[in-house]
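*Asks:* Below is one structure. I have some questions about it.
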Amino acid sequence: MKQDNSPRQDYKSEAIIRRAFYRSLGVIVVVALGGAFLWYLSREDSKPEPVEEAIVSGPVIETATPVHSPPTVIFTEITEEAGIDFLHVNGSQGEKLMPEAMGSGAAFLDYDNDADQDLLLVNATWWSARPEQPAPTLALYRNDGHGHFSNVTEESGLAITTYGMGIAVGDYDTDGWTDVYITALGENILLRNTGGRFVDVTATAGVAGLESDWSTAATFLDYDNDHDLDLFVGNYVLWSREIDLEIDFQLTGLGRAVGAPNHFTGTNNRLYRNEGNGLFTDISHAAGIIVNDPVSGLPQGKGLAVAPVDYDRDGWLDLFVANDTVRNFLFHNLGNGRFEEIGALEGIAFDRNGKATGAMGIDAAYFRNTDDLGIGIGNFANEMSSLFVTADGQAPFADEAILEGFGPASRLALTFGLFFFDYDLDGRLDLFQANGHLESEINIVQPSQSYAQPAQLFWNCGDDCRNRFIHVSETGDLATPLVGRGAAYADIDNDGDLDIVITQSGRRARMFRNDQQLGNHWLRVAFADGPGTGVIGARVELTAGGITQRRHVMPTRSYLSQVELPLTFGLGRTAQVDKLTITWPDGRIQDIPVEGTDRVITVRVH
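Each number in our numbering comes from the position in the sequence shown (counting from 1) with 542 added on.
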């Protein structure tokens, strides 16, 4: 493992102080008890001489902090105005089958290489044919560069009908055009971009999976550093309509309800190695990502989201997998073509109480602008979202959602999409959650719950605040209750700030424009050759005003979704960038000159 030789920063988080405090108390208690025990064994009948007691004080934790309020930033819903008319079809006919509740993903991508962000939305379909209605398909919307979209599904070759779930994007064949992989209930689909039009190459490439699979999250990544993109596919549970109806999950007061995942057998994920000739090889067993119960022999995973990130900075991408009702996985990349699953060892398998959660969406970010990496995970209703964080840049992780102020406000929500982004361009990464329940009538049996729920935005207050993440109450149209599922961000109108799309289960997708007018400076870093093998997995560091921000180039984030590839750095009131450095996936380090701010700079991938 490569050692981190960067100088330790003076910043000490409250979490670390608390840990030291508790350890100190533990030592004091042990010493006191030991001393008392020895005194008891050696005491004499004679009356002891009086001893003057010493007053010992433990470490003082400073609790007084300045009061800060989030800036006023309004998000305006522009779905219809932007030309987005997508309606998600989940096939519901009253049977309350589990896949109907899980929704689908969204992806921002530049499919036509015109330097603006287009939008691809994943659809499901009816359980049986409906000749009187057109079949639901994927939907691709081309951006005109100003945030207005036109539907180009038919001419792009994406009028495909499947019971779709998630999406991954990447240039797997290194031809400079972004390709697309769709996960589904049933066989998955690989779509090669031939210059603005997509061709189904699934059968040739060998990445369909099985008809019995229920695939969810997927990501393109170069796990073996051989300069082409491999493919990781997350699978959920072993499901069929017959199994679902036989389980017959019930909620008192509602009758039949959407089945809970702990009633279904788990599955294993898949890893496909790119052979560089348009073909992939399933190396799941050889690579060590098969996780079976040692007693029953059954698969243990129930994956819904994946975050590829080199958490130990040894030059090899690792995989964090959010599992629903079973422990989360951390596949540590050993650098020899194999992974080891060490989620429990590194502290991300369970919540702060040692329990598995109903984990949905996931993202990874350096939200403190230090070496500390955070892993955010959205969980089921009445479970706080998780925020696993390293200490001084080193694992193991600890769930600091409460300490950072994020946990309590997230407890009631049922969270699917989750990501870090700097919505106010102040140079600190904020947190966003898309929420929505599974049961349309949940409020009847749980008054604290509702089917449609407002999204949640958490402002990053910075180091001076006791609670780093503050729930933003005034967000404009983001406060509208939705049956939220997938969520993604991009600068759709090229004004420097990040806009949001949210998909819904069985409802219309919603687009929200970021209308912040705070006057903060920014810099966007784009890549000339699209999401090729030399980009995904790169690390970018920007220093301005004495603060270094860190980003990793990885579109796979949130729940079943992909964000834009360009990186957005908020600069606050700082109008000059001191340094911009890219560490490419092959280890090369490149300093990029930056002249001016409030603009896009384009870096050519070599």
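All C-beta atoms, glycine included, are put in the ideal place defined by N, C-alpha and C.
1) Can you give me the Cβ contacts of Glu1106 inside the same chain, cut-off strictly under 6 Å, excluding the 5 residues immediately before and after it?
2) Contact between the stretch 892 to 903 and the stretch 864 to 874: three or more CB pairs below 8 Å?
3) I'd like to check one pair, Gly645 with Gly978: are the Cβ atoms closer than 9 Å?
4) Give me whichever residues DSSP pairs with Lys1121 in a beta bridge.
5) To which residues of the same chain is Ala951 closer than 6 Å at the C-beta, ignoring the five residues directly before and after it?
6) Rounded to the nearest angstrom, what separates Arg783 and Tyr705 at their Cα positions?
7) With the cut-off set at 9 Å, would you say Thr758 and Gly845 are in Cβ contact?
8) Contact between the stretch 901 to 912 and the stretch 1096 to 1114: three or more CB pairs below 8 Å?
9) Compute the Euclidean distance between the alpha carbons of Ala671 and Ala701, then round it to the nearest angstrom.
10) Provide the residue span of the alpha helix (DSSP H) that contains Thr746, from first to last.
11) Note down the Cα distance separating Gly728 from Val741, rounded to an integer number of angstroms.
12) Assuming Asp786 is part of the alpha helix (DSSP H), what are its boundary residues?
13) Check each candidate in Gly718, Thr912, Ser634 and name the one with the smallest Cα separation from Trp669.
14) So, under 8 Å CB-CB, Arg711 and Ala666 are touching, yes? Tell me the CB distance rounded to an integer number of Å.
15) Run through DSSP, which three-state label would Pro1127 get?
16) Evaluate Asp656 with the Cβ neighbour count: other Cβ atoms within 10 Å of its Cβ, from every protein chain shown; 16 or more gives buried, anything less gives exposed.
17) Can you find the residues in the same chain that come closer than 6 Å, C-beta to C-beta, to Tyr723, ignoring five residues on each side of it along the sequence?
18) Just to confirm before moving on: does the CB-CB distance between Ile1131 and Thr1125 stay below 9 Å?
19) Is it right to say Ser1015 is buried, meaning 16 or more other beta carbons lie within 10 angstroms of its own, or is it exposed?
20) Helix, strand or coil for Thr704, going by three-state DSSP, please let me know.
21) Determine the direct distance from the alpha carbon of Gly699 to that of Arg1115, and round the result to whole angstroms.
22) Given a threshold of 16 other Cβ atoms within 10 Å of its Cβ, counted over all protein chains shown, does Ala596 qualify as buried or as exposed?
23) Quick check on this structure: which residue in Tyr683, His769, Asp686 has the alpha carbon closest to the alpha carbon of Asn819?
24) Which residue marks the beginning of the alpha helix (DSSP H) containing Ala828, and which one marks its end?
25) Gln1104: buried (16+ other C-beta within 10 angstroms of its C-beta) or exposed?
26) Give the DSSP bridge partners of Glu619, in chain order.
27) Within a Cβ cutoff of 7 Å, which residues of the same chain sit near Phe822, ignoring the five residues on either side of it in sequence?
28) According to DSSP, is Ala643 helix, strand or coil?
29) Going along the chain, which unbroken runs of the alpha helix (DSSP H) with 4 or more residues stay wholly within the stretch 873 to 948?
30) Helix, strand or coil: how does DSSP classify Ile597 here?
31) Note the first and the last residue of the continuous alpha helix (DSSP H) segment covering Ser522.
32) For Ala624, name the three-state secondary structure that DSSP assigns.
33) Decide if Arg1141 is buried, meaning its Cβ has at least 16 other Cβ atoms within 10 Å, or exposed.
*Replies:* Working from what's here:
1) Phe650, Gln659, Ala1032
2) yes
3) yes
4) Thr1085
5) His1013
6) 13 Å
7) yes
8) yes
9) 16 Å
10) 744 to 747
11) 19 Å
12) 783 to 789
13) Ser634
14) Going by the sequence as given, residue 711 is Val instead of Arg. With a Cβ gap of about 19 Å, Val711 and Ala666 do not count as contacting.
15) coil
16) exposed
17) Ala710, Leu732, Ala760
18) yes
19) exposed
20) coil
21) 45 Å
22) Annotation note: pLDDT 36 at Ala596 (below 50); position unreliable, no value reported.
23) His769
24) 826 to 829
25) buried
26) Phe1054
27) Ala747, Gly748, Val749, Leu773, Tyr814, Arg815, Asn816
28) helix
29) none
30) Caution is warranted here: a pLDDT of 36 is assigned to Ile597, below 50, making its placement in the model unreliable, and the coordinate value is therefore given only provisionally. In this structure, Ile597 counts as coil in the three-state DSSP scheme.
31) Nothing about residue 522 can be reported from this structure: the residues present for the chain run from 543 to 1148 only.
32) helix
33) exposed
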